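Trainee: First residue of the sequence shown? That's 307 in the numbering used here, and the numbers climb one at a time after it. From the three backbone atoms N, C-alpha and C, an ideal C-beta is built for every residue, glycine too. Small disclaimer: the values here were computed from a predicted structure and weren't measured. If you scroll down you'll find the structure; I have some questions about it.
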Amino acid sequence: MTRTDKDGESILKGILFDIQPFSVHDGPGIRTTVFLKGCNLRCYWCHNPESQRMEPELCFKSSLCIGCGACAQACPKGGARFTEHCDACGRCAGECYAGALSVTGYALEAAGLVERLLRDRALFERSGGGVTFSGGEPLLQPEFLQEALTLCRQNGLHTAVETAANVPWARIEPLLGLLDTVFCDLKALDPELHRRATGCGNRTILDNIRRLGEGRAAGRQVILRIPVIPGFNDNEQELSRMADFIRALPYSPQVELLPFHGLCSAKYAMYGRTYAAEGLKSPGTEELRRFSRLFSGIQISFKGMEAFT
Ligand code: SF4
Ligand code: SF4
C-alpha cells in the first residue's frame with residue numbers, strides 16, 4: 307500500500323495486525339514476530355481469523371460490553387458492526403469506554419517498523435534471535451516486505467519469513483537474498499484435497515517449495531511446516547506422500563509437524579465469524595509420534611506440543 311508525502315513522494319506502508327516480541331517458536335533465539343495482514347488461502351482450521359483480510363477490521367469482545375449503546379450512536383453507518391457497510395472507521399471504538407471495541411490492522415512504514423524492531427536488538431544479540439515476518443501471508447505485501455527486510459539486513463538483524471508460498475516465484479525470488487530462514491507450509495500433496503480445505507490448488511506451492519533449493523535460495527535454512535489436521539491430512543497415505551515429496555527435493559529441509567488445536571473459536575466470534583473447525587479433536591502425542599515415523603531420513607520436530615502436555 308502506498309501514500310504520498312507533502313512533496314508528492316510515494317511512501318510505502320505495510321498493513322500489520324500485530325508485533326509480538328519474545329517469540330521462541332518462529333526461528334532461532336528470541337525473536338520479534340511481525341504479523342502482516344491478508345492471506346490468499348482460507349484454510350478452514352486457520353488460527354488467525356484476523357490475519358485473513360487485508361483491510362483493517364472491527365474486533366468486538368462481547369464479555370466487556372456493558373450494553374450502553376454508545377457505539378451504535380457513534381456509527382455513521384447506523385450501527386454497521388459486522389455488516390458489509392462497516393469500513394472499520396473506528397468511531398464506535400473511540401466511544402466505547404468499556405474497551406469492548408477496537409480496530410485490528412494498521413498501516414506502518416518500513417522505517418518506523420524497523421526502528422521499533424531495533425529496540426529489541428540487545429535481546430536478539432544475546433539469544434541469537436532476530437525478526438520473523440509472518441501473517442497472514444507476508445508475501446502479499448512484497449514491496450513493503452522487501453524494504454523492511456533490507457533495513458533489517460542493513461542493521462545486521464537475522465531475518466525469517468513464514469509463508470504458505472501461494473504466490474508466483476517471481477515474488478519470492480528477490481527476497482531470498484535478504485532472508486536467513488524460510489518457513490514454508492506444506493498442507494497436502496493431493497491437489498483436490500488441498501483445494502477443498504484451503505480454497506486453492508497446490509501446484510504453485512509445490513513448485514515454489516521445489517525451487518527453494520535453487521539459485522539465490524541455496525544456503526537458506528528452509529523449514530517446512532506441516533499442520534496435522536483431523537479429517538484432512540491426518541492419515542498415513544497423505545503424510546507418506548508428503549514425506550516422499552520431501553525426500554525427493556533437491557535439498558534437505560527440516561520439517562515441523564504442527565498439531566491442530568482448536569483454541570481459537572472465541573477469536574472468530576470477536577470478528578463476527580464462525581469457526582469451521584469447531585469441535586475437532588487435537589491429535590494425541592502417540593498419534594503424532596506414529597506419524598513422525600513416516601518421515602524417516604528427514605530431520606523432524608514438533609511445534610506447539612506444549613498445548614497438549
Ligand atoms: S459502546 Fe462498547 S460497551 Fe457500549 S454497547 Fe457498544 S460495545 Fe458495548
Ligand atoms: S467501525 Fe465505523 S462503520 Fe464500523 S461499526 Fe464502528 S463506527 Fe460503524
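Work out the CA separation of residue 351 and residue 586 for me, nearest whole Å.
Mentor: One C-alpha to the other measures close to 9 Å.
Trainee: What separation, rounded to the nearest whole angstrom, lies between the Cα atoms of residue 321 and residue 563?
Mentor: Their backbone Cα atoms lie some 29 Å apart in a straight line.
Trainee: Return the CA-CA distance between residue 402 and residue 410, expressed in angstroms with no decimal places.
Mentor: Approximately 15 Å between the Cα atoms of the pair.
Trainee: Shortest alpha-carbon distance to residue 553 belongs to which of 603, 417, 569 and 507?
Mentor: Of 603, 417, 569 and 507, the residue nearest in Cα terms is 603.
Trainee: Please report the straight-line C-alpha distance between residue 391 and residue 578, rounded to a whole angstrom.
Mentor: Their Cα atoms are separated by approximately 14 Å.
Trainee: In this structure, does DSSP put residue 329 in helix, strand or coil?
Mentor: Correct three-state label for residue 329: strand.
Trainee: Using the beta carbon as the reference atom, which residues fall closer than 6 Å to any heavy atom of ligand 2, ordered along the chain?
Mentor: Residues flagged by the Cβ proximity filter: 364, 380, 381, 383, 386, 387, 392, 393, 394, 395, 396, 397 and 398.
Trainee: Nearest to residue 371 by alpha carbon, out of 502, 406 and 394?
Mentor: Minimum Cα distance to residue 371 is reached at 406.
Trainee: How long is the line joining the alpha carbons of residue 584 and residue 573, rounded to whole angstroms?
Mentor: About 12 Å.
Trainee: Please go through the segment 505-551 and give each complete alpha helix (DSSP H) segment of 4 or more residues, from N-terminal end onward.
Mentor: The qualifying runs are 509-517.
Trainee: Using DSSP with H/G/I as helix, E/B as strand and the rest coil, what is residue 439?
Mentor: Residue 439: strand per DSSP, three-state reduction.
Trainee: Considering just the uninterrupted stretch of the alpha helix (DSSP H) at residue 448, what are its terminal residues?
Mentor: First-last of the alpha helix (DSSP H) with residue 448: 448-460.
Trainee: How about the segment 409-424 and the segment 451-460: do they share at least three Cβ pairs that are nearer than 8 Å?
Mentor: Short answer: they touch.
Trainee: Along the chain, where does the beta strand (DSSP E) that runs through residue 412 open and close?
Mentor: 412-415 is the extent of the beta strand (DSSP E) around residue 412.
Trainee: Can you tell me whether residue 372 sits near ligand 1, meaning its C-beta is under 7 Å from at least one heavy atom of the ligand?
Mentor: Residue 372: yes, Cβ under 7 Å from ligand 1.
Trainee: Can you tell me whether residue 348 is buried or exposed? The criterion is at least 16 other CB atoms within 10 Å of its CB, across all chains shown.
Mentor: Residue 348 comes out exposed.
Trainee: Determine the direct distance from the alpha carbon of residue 463 to that of residue 433, and round the result to whole angstroms.
Mentor: In a straight line, the C-alpha of residue 433 is about 12 Å away from that of residue 463.
Trainee: Pick helix, strand or coil for residue 380, following the three-state DSSP scheme.
Mentor: Helix.
Trainee: Out of curiosity, what's the CA-to-CA distance linking residue 596 and residue 535?
Mentor: Each residue's alpha carbon lies about 15 Å from the other.
Trainee: Can we count residue 400 as close to ligand 1, meaning its CB is less than 7 Å from some heavy atom?
Mentor: Not under cutoff, so the answer is no.
Trainee: Given residue 547, which residues of its chain have a CB within under 8 Å of its CB, disregarding the five upstream and five downstream residues?
Mentor: 495 and 496, listed in sequence order.
Trainee: Do you know offhand how far residue 330's Cα is from residue 336's?
Mentor: So the alpha carbons of these two residues sit roughly 5 Å apart.
Trainee: Can you confirm whether the segment 537-544 touches the segment 484-491 when touching is taken to mean that 3 or more C-beta pairs between the two stretches lie within less than 8 Å?
Mentor: Output reads no: the segment 537-544 does not touch the segment 484-491.
Trainee: Please determine if the segment 353-370 and the segment 440-455 are in contact, where contact requires at least 3 C-beta pairs separated by less than 8 Å.
Mentor: With a cut-off of 8 Å, the segment 440-455 and the segment 353-370 count as touching, because enough Cβ pairs lie within range.
Trainee: So what does DSSP say about residue 365, is it helix, strand or coil?
Mentor: DSSP places residue 365 in strand when its eight states are reduced to three.
Trainee: According to DSSP, simplified to helix, strand and coil, what is residue 343?
Mentor: Coil, per DSSP.
Trainee: Excluding sequence positions up to five away, which residues of its chain have a Cβ less than 6 Å from the Cβ of residue 556?
Mentor: Excluding sequence neighbours, residue 556 sits near 519.
Trainee: Taking all protein chains shown into account, decide if residue 300 is buried (16 or more other Cβ within 10 angstroms of its Cβ) or exposed.
Mentor: This structure does not reach residue 300, given that the chain is present from 307 up to 615, and the question cannot be answered.
Trainee: Hey, would you say residue 468 sits closer than 8 Å to residue 332, going by beta carbons?
Mentor: A contact, by the Cβ cut-off of 8 Å.
Trainee: Which residues mark the beginning and the end of the alpha helix (DSSP H) in which residue 580 is found?
Mentor: It is not in any alpha helix (DSSP H) - residue 580 carries neither H nor E in the DSSP assignment.
Trainee: Is residue 309 buried or exposed, if buried means 16 or more other CB atoms sit within 10 Å of its CB?
Mentor: For residue 309, the predicted model reports a pLDDT of 48, less than 50, meaning its position is unreliable and no value from the coordinates is stated.
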